[in-house]
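K.L.:
Below you'll find the structure I mean.
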Amino acid sequence: MISQSGPQRYISDAKAYDQLPNFISELGVTKVLFLHGTKSLAAAKPYLPDFGTNVAVEDVLFNGECSYEEIDRVANIAAQKGTEMVIALGGGKVLDTAKSVTTGTHMYLVLMPTLASNCAPWSALSVHYKENGEHINHEIYKETANLMLLNPEVILNSPIDYFVAGIADTLAKFYESELIFEDLPEEQFTIALTISRQMANNCRDVLLRDSIQAVEDMKAGRMTHTWRNVAETIIVMAGTVGGWGDSYARSTGAHSVHDALTLFPQTSHLLHGAKVGYGILVQLVIENHYDHIKELLPLYRTLGVPTNFHELNLDGISDEDIEKIAYEATTEEKTMNLIPLPITAQTVKDAMMKLETITAGVQQSA
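Below, the structure written as structure tokens:
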């Protein structure tokens, strides 16, 4: 097991970006590649400093998908320009692309998230997709970012749906790891795993307690302690779960269901975390944790996290397509297989069908 706790340096402050010119200067960097999306740049621009008078900046617009094609494109630009540092500004896919570009190279990496939608700013891994949005894989790296800068004011003004997706994605940190931790013998619990499990528990506790209020605060543009606590739970605390726990505490069933759903264009409008949120419910049915489902459903309905085929935009889905989702969620390379239970495609299909009944309001007994 390899633990990587997070970025080498982390700053969360309204003036966090102001640290960037000194950081570049201290490292003697003169050639920077600045990777960003259009919306992320617009959101952050009022806070961005000049990178330095002696710094040549190659401005690169992100194409929207963390695909191998995009990684190669950005890497080629970096090589042609002799880039010494990549600065990535935006959501998880922008940051994951930058991680894929810099890993194993001499280039420094700076991550500047503009959304609280997942733990990509903290984690040492990238999730890769095809150009059409279908999930391919995730790769874990031996390196973490040199610097992560978080400006809460930028995050506060980001779209609410990304924040809600981040809440759902972060809840998975607990529900995907709980059974694995419960199954581990006490003598296998290292300090790293103890930290990971505690952080997973904290993710659940903070989000179940504070998510609804945090969303209301964000809608009202209020920079409250509750909102900031939830935002940093999504980005930082969530990242420490897998960072310390490695394969014991990364994705399992919920993310496998997400990955399978990306094969269906009807779900493409849904964010990563929204589909993961649905996957949590499927996993909980598989585990017979109906008490957790009962606890989560009111929160899901208040926040608008999908709970069934209708809310996934899969009305009228055929039996064949349900079987396709179930099969794709359980293929050999999927993390569904890390759950310490016997699971087949039929298990997942049955769980999805039972979830349909539960969310239709029919009482179920465990």
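For the sequence shown, the working numbering begins at 17 and goes up steadily by one.
C-beta: ideal position from N, C-alpha, C; glycine also.
As the structure is a computational prediction, the values presented were derived from the model and not from experiment.
(1) How would you call Lys350, buried or exposed, if buried means at least 16 neighbouring beta carbons within 10 angstroms?
(2) Report yes or no: do the stretch 285-294 and the stretch 340-357 share at least 3 C-beta pairs separated by less than 8 Å?
(3) Specify the secondary structure class of Asp307 as computed by DSSP and reduced to three states.
(4) Are three or more beta carbon pairs between the stretch 78-92 and the stretch 144-152 nearer than 8 Å?
(5) When we look at the beta-carbon of Glu42 and count the other beta-carbons within 10 Å, is it buried (16 or more) or exposed?
(6) Between which two residues does the alpha helix (DSSP H) holding Gly255 run?
(7) Fully enclosed by the stretch 180-263, which alpha helix (DSSP H) runs are 4 residues long or longer?
(8) Using alpha carbons as the reference points, say which of Val90, Glu100, Gly98 and Pro62 lies closest to Leu111.
(9) According to DSSP, is Met156 part of a helix, a strand, or is it coil?
(10) Write down the C-beta distance between Asn329 and Gln299 rounded to the nearest angstrom, noting that I regard them as a contact closer than 8 Å.
(11) In its own chain, which residues sit with a C-beta less than 7 Å from the C-beta of Ala32, not counting the 5 before and 5 after it?
(12) Mark Pro137 as exposed unless 16 or more other C-beta atoms lie within 10 angstroms of its C-beta, in which case mark it buried.
(13) Give the secondary structure of Pro129 by DSSP, where H, G and I count as helix, E and B as strand, and everything else as coil.
(14) Can you tell which of Glu336, Ile93 and Leu127 has the C-alpha that lies nearest to the C-alpha of Gly107?
(15) In angstroms with no decimal places, state the Cα-to-Cα distance between Val301 and Ala270.
(16) Give me the Cβ distance between Val170 and Thr130, rounded to the nearest whole Å; I'm assuming they're in contact under 8 Å.
(17) What residue range is occupied by the uninterrupted beta strand (DSSP E) comprising Lys365?
(18) Over the uninterrupted alpha helix (DSSP H) stretch that includes Lys47, give me the two end residues.
(19) Buried or exposed for Glu198, please, with buried defined as at least 16 other CB atoms from any protein chain shown within 10 angstroms of its CB.
(20) So what does DSSP say about Ser28, is it helix, strand or coil?
(21) Does the structure place the stretch 19-36 close enough to the stretch 92-99 that three or more beta carbon pairs sit under 8 Å?
(22) With a 10 Å radius around its C-beta and 16 neighbouring C-beta atoms as the bar for buried, classify Asn134 as buried or exposed.
P.N.:
By the coordinates alone:
(1) The residue given as residue 350 occupies position 334 in the sequence shown. By the 10 Å Cβ count, Lys350 comes out buried.
(2) Taking a cut-off of 8 Å on C-beta distances, the stretch 285-294 does not touch the stretch 340-357, as fewer than three cross pairs fall below it.
(3) For the purposes of this step, residue 307 is taken as residue 291 along the sequence shown, with counting starting at 1. It is helical.
(4) Yes, since at least three Cβ pairs between the stretch 78-92 and the stretch 144-152 fall closer than 8 Å, the two stretches touch.
(5) As a position in the sequence shown, residue 42 is number 26, starting the count at 1. Burial call: exposed.
(6) What you label residue 255 is simply residue 239 of the sequence shown in a count that begins at 1. Segment Ala254 to Gly261, the alpha helix (DSSP H) holding Gly255.
(7) Whole alpha helix (DSSP H) segments, 4+ residues: 194-199, 207-235, 241-248 and 254-261.
(8) Counting from 1 along the sequence shown, the entry for residue 111 is found at position 95. Ranking Val90, Glu100, Gly98 and Pro62 by Cα distance to Leu111 puts Val90 first.
(9) In the sequence shown, residue 156 corresponds to position 140, counting from 1. Checking the sequence, you will find Ile at residue 156 rather than Met. Secondary structure of Ile156 (DSSP, three-state): strand.
(10) Sequence index remark: in the sequence shown, residue 329 carries index 313 (1-based). Sequence index remark: in the sequence shown, residue 299 carries index 283 (1-based). Gln299 and Asn329 do not touch by the CB rule: their CB atoms are close to 21 Å apart, not below 8 Å.
(11) Looking up residue 32 in the sequence shown gives position 16. Leu165, Leu166 and Asn167, listed in sequence order.
(12) Working through the sequence shown from its first residue, we reach residue 137 at position 121. Counting every other CB atom within 10 Å of its CB across the protein chains shown gives Pro137 a total of 16 or more, marking it as buried.
(13) By 1-based counting over the sequence shown, the position of residue 129 is 113. The answer is strand: DSSP assigns Pro129 an E or B state.
(14) Start at 1 with the first residue of the sequence shown, and residue 107 comes out as number 91. Looking from the CA of Gly107, the closest CA among Glu336, Ile93 and Leu127 belongs to Leu127.
(15) Position 285 of the sequence shown holds residue 301. Position 254 of the sequence shown holds residue 270. Each residue's alpha carbon lies about 11 Å from the other.
(16) Taking the sequence shown and counting its residues from 1, one reaches residue 170 at position 154. Taking the sequence shown and counting its residues from 1, one reaches residue 130 at position 114. About 5 Å separates the two Cβ atoms, so the contact holds.
(17) For the purposes of this step, residue 365 is taken as the residue at position 349 of the sequence shown. Boundaries for Lys365: no beta strand (DSSP E) harbours it, while the alpha helix (DSSP H) harbouring it runs Ala361 to Thr375, taken from the DSSP string.
(18) Here residue 47 refers to the residue found at position 31 of the sequence shown. Run containing Lys47: none in the alpha helix (DSSP H); it sits in the beta strand (DSSP E), Lys47 to His52.
(19) Taking the first residue of the sequence shown as position 1, residue 198 is located at position 182. The C-beta of Glu198 has fewer than 16 other C-beta atoms within 10 Å across all chains shown, which makes the residue exposed.
(20) Along the sequence shown, one-based indexing puts residue 28 at 12. Judged by DSSP in its simplified three-state form, Ser28 adopts strand.
(21) In the pairwise beta carbon analysis, the stretch 92-99 is classified as not touching the stretch 19-36: fewer than three pairs are separated by under 8 Å.
(22) By one-based count along the sequence shown, residue 134 stands at place 118. Label assigned to Asn134: buried.
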